[in-house]
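K.L.:
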Amino acid sequence: MRRPLLFELNLLLLPTCASFALASLPGMDTAWFWLLAVLPYILRSLYYLIRLTRLIRRQHRLAPPFPRGLWGEVYRTIARYQQRARKGRKRQIRFSRRFREAANAVPDALVILNKQLRIDWANPAAARLMNIHWPEDDGQLFTDILNNPELDEFIETSEYMRPLDIAPEHNRAIMLSLRITPFGERKKQRLVVGRDITKIYHLNMIRRDFVANASHELRTPLTVIAGFVENLIDTPTTPITHRRPLTLMHNQTERMCSIIEDLLTLSRLEMDEKPGEQRAADIPDELHLIMQEAQALSGGQHRFEIEVDDALLLLGSEPELRSAFSNLVFNAIKHTPAGTRIRVRWNSDEDGPIFAVEDDGPGIATEHLPRLTERFYRVDRARSRESGGTGLGLAIVKHVLNRHEARLTISSEPGRGSIFSCRFPTNRIIRRDEEPQSRRAG
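Read left to right, the sequence shown gives residues 23 to 464 (our numbering).
(1) Should I134 be flagged as near chain B, meaning a C-beta pair shorter than 8 Å?
(2) Given a cut-off of 8 Å on the beta-carbon distance, is the pair L186 and E172 in contact?
(3) Do L319 and I355 have their CB atoms nearer than 8 Å?
(4) Pick helix, strand or coil for Q300, following the three-state DSSP scheme.
(5) Checking the sheet assignment: what are the DSSP bridge partners for I202?
(6) In terms of DSSP beta bridges, what is V379 paired with?
(7) In this structure, how does DSSP classify D130 when only helix, strand and coil are distinguished?
(8) Between which two residues does the beta strand (DSSP E) carrying F326 extend?
(9) Buried or exposed, going by whether 16 or more other CB atoms sit within 10 Å of the CB of M183?
(10) Return the Cβ separation of I141 and F164 in integer angstroms, given the expectation that the two are a contact with Cβ distance under 8 Å.
(11) Name the two residues that bound the continuous alpha helix (DSSP H) containing S320.
(12) Where do the ends of the beta strand (DSSP E) carrying T431 lie?
(13) Using a threshold of 8 Å, state whether the C-beta atoms of G338 and T448 are closer than that.
(14) With DSSP as the reference, label R140 as helix, strand or coil.
(15) Can you say whether V60 is buried or exposed, counting buried as having 16 or more other CB atoms within 10 angstroms of its CB?
(16) Is the Cβ-Cβ distance between P97 and L74 less than 8 Å?
(17) State yes or no: is the C-beta of R397 within less than 8 Å of the C-beta of E380?
(18) So what does DSSP say about L394, is it helix, strand or coil?
(19) Helix, strand or coil for L163, going by three-state DSSP, please let me know.
(20) Could you check where the alpha helix (DSSP H) with G549 kicks off and where it finishes?
(21) Using the C-alpha atoms, what's the distance from P26 back to E95?
(22) Do three or more CB pairs link the stretch 381-401 to the stretch 412-420 at distances below 8 Å?
(23) Using only alpha-carbon positions, find the residue among G321, Y63, S440 and L92 that is nearest to H390.
(24) Under 8 Å, do I154 and V128 count as touching if we go by C-beta distance?
(25) Please report the straight-line C-alpha distance between L350 and C444, rounded to a whole angstrom.
(26) Does the distance from the CB of D382 to the CB of T362 come in under 8 Å?
(27) For T257, is the classification buried or exposed, using 16 other Cβ atoms within 10 angstroms of its Cβ as the cut-off for buried?
(28) Would you mind reading off the limits of the alpha helix (DSSP H) that contains D187?
(29) Does DSSP classify R66 as helix, strand or coil?
(30) L416 lies in the alpha helix (DSSP H); which residues open and close that run?
(31) Counting along the chain, where does the beta strand (DSSP E) carrying L336 start and finish?
(32) So is A107 buried or exposed if we call it buried at 16+ other beta carbons inside 10 Å?
(33) Mind checking K209: buried by the 16 CB within 10 Å criterion, or exposed?
(34) With 16 other CB atoms within 10 Å as the buried threshold, where does N353 fall?
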């Protein structure tokens, strides 16, 4: 930077000194000499400024040779910025090309929607799965091409936590699983991912039909067997040595009947994606009935606390909610030792209604928590068999909550008890006319 600055000073000072020497002569007009001294410097600067302006306006590339002095530094700096910009554009073009190649190779349909939910871009798989051809359908409304009433409702509610499974009108033979993810400025744009789950859907249907049919067919013979075994136990002529094996047979038969009933319940929940009857479910009354059954099941071996907001009702299916809540309460009884405190809570906060079952029992190890809602998964298999558990209770709870737009959270630590919480959305809250009260039972 020193050399360009010295050059500029020399370029300005030398004519100035010469003009100052001439102006000192007698009879000379000093004003003209001063003007002549700075005029070449001004004209030179004006020339390079006009030249630079023309080059930038025409988007010309600045290349050597550059002028000397400070103007040379300006030209070099702009040339370096131009070079960086060219490299950045090349990287952006390469990245865009790789992105398009990768997106075109993805077997799932990818569609980008703008703020007005109109199509901005789509990959080739979208033509096969969604009947969206890009760029022919550029700017078209997404719901006009992929027309489905469930999709309209899905987009309007903006509840994108779970995928939407639909059969598109252009090809009813396939089943699509749609996921929508907001992105971009203020999350106004949408990325739609459509996956072909036809094979998985049919396999699930086969599995559901098999479980439902097998459970239904097994229920009748097991009921008959249980009846005959019970009669043999109660018959006075039955030898004493036969009573213990008959009792074991009766207990196992009852356990198999319970498993079949739970499997049939799961099958019904899976067949119908939404609860059949949506009305104001009287959760407080249901909870007090459940607690009466829980106390009978415990036989006085557990300490109960119940806190219920009697004015808080819930929009949903009352039988399904009763099944889910009773499963959580009865599980706390079956899987905790005598003397355990069990606290049942039903109220609402800023995040919505919440049902929670808390105990101070032995707790559950962290590695088991993610798998608790799996069918037939048991933390302690021996204890589950002794308590009569089927291993399907939490799976039923999970299905019921999914159908009511709710989520199940489980927190537990060995030696410090467990908390099972069901969180419901605020749009399902229904209030009674009277003021809420809190009840306790022990």
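Glycine included, each C-beta is placed from N, C-alpha and C at the ideal position. All figures in this text were calculated on a predicted structure; none of them were measured in a lab.
P.N.:
With the structure as the only source:
(1) Protein chains in the displayed structure number just one, and chain B is not present.
(2) On the sequence shown, position 164 is the one that residue 186 refers to. On the sequence shown, position 150 is the one that residue 172 refers to. Contact: yes.
(3) Working through the sequence shown from its first residue, we reach residue 319 at position 297. Working through the sequence shown from its first residue, we reach residue 355 at position 333. Contact flag set, yes.
(4) Within the sequence shown, numbered from 1, the residue matching residue 300 stands at position 278. It is coil, neither helix nor strand.
(5) Position 180 of the sequence shown holds residue 202. Partner(s): V214.
(6) Position 357 of the sequence shown, counted from the start, is the residue given in the question as residue 379. V366 and F442, per the DSSP bridge assignment.
(7) What you label residue 130 is simply residue 108 of the sequence shown in a count that begins at 1. D130 falls in the coil class under three-state DSSP.
(8) Sequence index remark: in the sequence shown, residue 326 carries index 304 (1-based). Element bounds for F326: R325 to V330.
(9) As a working note, residue 183 is residue 161 in the sequence shown. Looking at its Cβ environment, which holds fewer than 16 other Cβ atoms inside 10 Å, M183 is exposed.
(10) Residue 141 sits at position 119 when you count from the first residue of the sequence shown. Residue 164 sits at position 142 when you count from the first residue of the sequence shown. With a Cβ gap of about 6 Å, I141 and F164 count as contacting.
(11) Here the question's residue 320 lines up with position 298 in the sequence shown. It spans I305 to S320 - the alpha helix (DSSP H) in which S320 sits, taken as one unbroken run.
(12) Taking the first residue of the sequence shown as position 1, residue 431 is located at position 409. Per DSSP, T431 belongs to the beta strand (DSSP E) from R429 to S434.
(13) Position 316 of the sequence shown, counted from the first residue, corresponds to residue 338. Position 426 of the sequence shown, counted from the first residue, corresponds to residue 448. It is not a contact, given that the beta carbons lie outside the stated cut-off.
(14) To locate residue 140, count along the sequence shown from 1; it is residue 118. If DSSP states are grouped into helix, strand and coil, R140 belongs with the strands.
(15) Position 38 of the sequence shown, counted from the first residue, corresponds to residue 60. When all chains shown are included, V60 counts as exposed.
(16) If you number the sequence shown from 1, residue 97 lands on position 75. If you number the sequence shown from 1, residue 74 lands on position 52. According to the sequence shown, residue 97 is Tyr rather than Pro. In contact: Y97 and L74 (Cβ atoms closer than 8 Å).
(17) On the sequence shown, position 375 is the one that residue 397 refers to. On the sequence shown, position 358 is the one that residue 380 refers to. Against a cut-off of 8 Å, the Cβ pair of E380 and R397 comes out as no contact.
(18) If you number the sequence shown from 1, residue 394 lands on position 372. Residue state, collapsed to three classes: coil.
(19) Position 141 of the sequence shown, counted from the first residue, corresponds to residue 163. DSSP places L163 in strand when its eight states are reduced to three.
(20) Examination of residue 549 is not possible in this model, given that the chain is present from 23 through 464 alone.
(21) Looking up residue 95 in the sequence shown gives position 73. Looking up residue 26 in the sequence shown gives position 4. Going by the C-alpha atoms only, they are around 8 Å apart.
(22) yes
(23) Working through the sequence shown from its first residue, we reach residue 390 at position 368. Checked all of G321, Y63, S440 and L92; the closest Cα to H390 is S440.
(24) Sequence index remark: in the sequence shown, residue 154 carries index 132 (1-based). Sequence index remark: in the sequence shown, residue 128 carries index 106 (1-based). No, the pair does not count as a contact, with Cβ atoms beyond the cut-off.
(25) Here the question's residue 350 lines up with position 328 in the sequence shown. Here the question's residue 444 lines up with position 422 in the sequence shown. In a straight line, the C-alpha of L350 is about 10 Å away from that of C444.
(26) To locate residue 382, count along the sequence shown from 1; it is residue 360. To locate residue 362, count along the sequence shown from 1; it is residue 340. Yes, they are a contact pair.
(27) For the purposes of this step, residue 257 is taken as residue 235 along the sequence shown, with counting starting at 1. Counting Cβ neighbours within 10 Å, T257 comes out exposed, since fewer than 16 surround it.
(28) Taking the sequence shown and counting its residues from 1, one reaches residue 187 at position 165. No alpha helix (DSSP H) contains D187, which is instead part of the beta strand (DSSP E) from L186 to I188.
(29) Mapped onto the sequence shown, residue 66 falls at position 44. In this structure, R66 counts as helix in the three-state DSSP scheme.
(30) Here residue 416 refers to the residue found at position 394 of the sequence shown. Where L416 is concerned, the enclosing alpha helix (DSSP H) stretches over G415 to R425.
(31) Locating residue 336 in the sequence shown gives position 314, counting from the first residue. Counting along the chain, the beta strand (DSSP E) containing L336 begins and ends at L334 to G338.
(32) Residue 107 sits at position 85 when you count from the first residue of the sequence shown. Result: exposed.
(33) Residue 209 sits at position 187 when you count from the first residue of the sequence shown. Exposed.
(34) To locate residue 353, count along the sequence shown from 1; it is residue 331. With 16 or more other Cβ atoms within 10 Å, it is buried.
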